[in-house]
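Asker:
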Amino acid sequence: MRRDVFQAIADPTRREIIGMLTYQKMNLNAVADHFSISRPAISKHIKMLTECGLVVIEQQGRERCCSASLAQLSEVSDWVEQYRQFWGTRLDNLDKYLAKTKKQKKHAKRKSD
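Residue numbering for the sequence shown follows full-length UniProt numbering, beginning at 1 and increasing consecutively.
Listed below in structure tokens is the structure:
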């Protein structure tokens, strides 16, 4: 099954794991200690994050340490940016329309006074 970054960030637990690993490397047990779900469940989340390229696991002695690799999030950023531009343009046009309408109402009110 092909995994992508959107699947990875769809789950709040995985987003929290990414957030934690952004600030520091942690071993698998340390990551699991932050959650009230089972260690095997955390391992599944870490596995998906690894398959999506958002987490890198390195063997350090007997421990496996996880760190964030956020380059893949640029795909999400690019996707969001296209909608930001679309809605930015739309909202700018709405602002102009509302300003024009307000000006016209003010002008009409002055004429009637």
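No residue lacks a Cβ here, since even glycine has one placed at the ideal position from N, Cα and C.
1) Does the Cβ of H34 have 16 or more other Cβ atoms within 10 Å, making it buried, or fewer, making it exposed?
2) Specify, as a first and last residue, the run of the alpha helix (DSSP H) that I42 falls within.
3) Just to confirm before moving on: does the CB-CB distance between V56 and A41 stay below 9 angstroms?
4) Got a sec, what are the start and stop residues for the alpha helix (DSSP H) Q85 sits in?
5) Using only CA atoms, which one of V76, V5, A99, K109 lies nearest to H45?
6) Taking its Cβ as the centre, do 16 or more other Cβ atoms sit within 10 Å of R14, making it buried, or is it exposed?
7) Taking Cβ to Cβ, would you say R39 is nearer than 9 angstroms to L21?
8) Taking only the alpha-carbon atoms, compute the straight-line gap between W79 and G88 and give it to the nearest angstrom.
9) For the alpha helix (DSSP H) containing K7, name the first residue and the last one.
Answerer: Result, derived from the coordinates:
1) Counting the other Cβ atoms within 10 Å of the Cβ of H34 gives fewer than 16, which makes it exposed.
2) Note, I42: alpha helix (DSSP H), 39-51.
3) No, they are not a contact pair.
4) Segment 74-112, the alpha helix (DSSP H) holding Q85.
5) Considering only alpha carbons, the answer is V5.
6) Flag for R14 reads buried.
7) Cβ atoms of R39 and L21: not closer than 9 angstroms.
8) So the two alpha carbons sit approximately 15 angstroms from each other.
9) The residue asked about is misnamed: residue 7 is Gln in this sequence, not Lys. Where Q7 is concerned, the enclosing alpha helix (DSSP H) stretches over 5-9.
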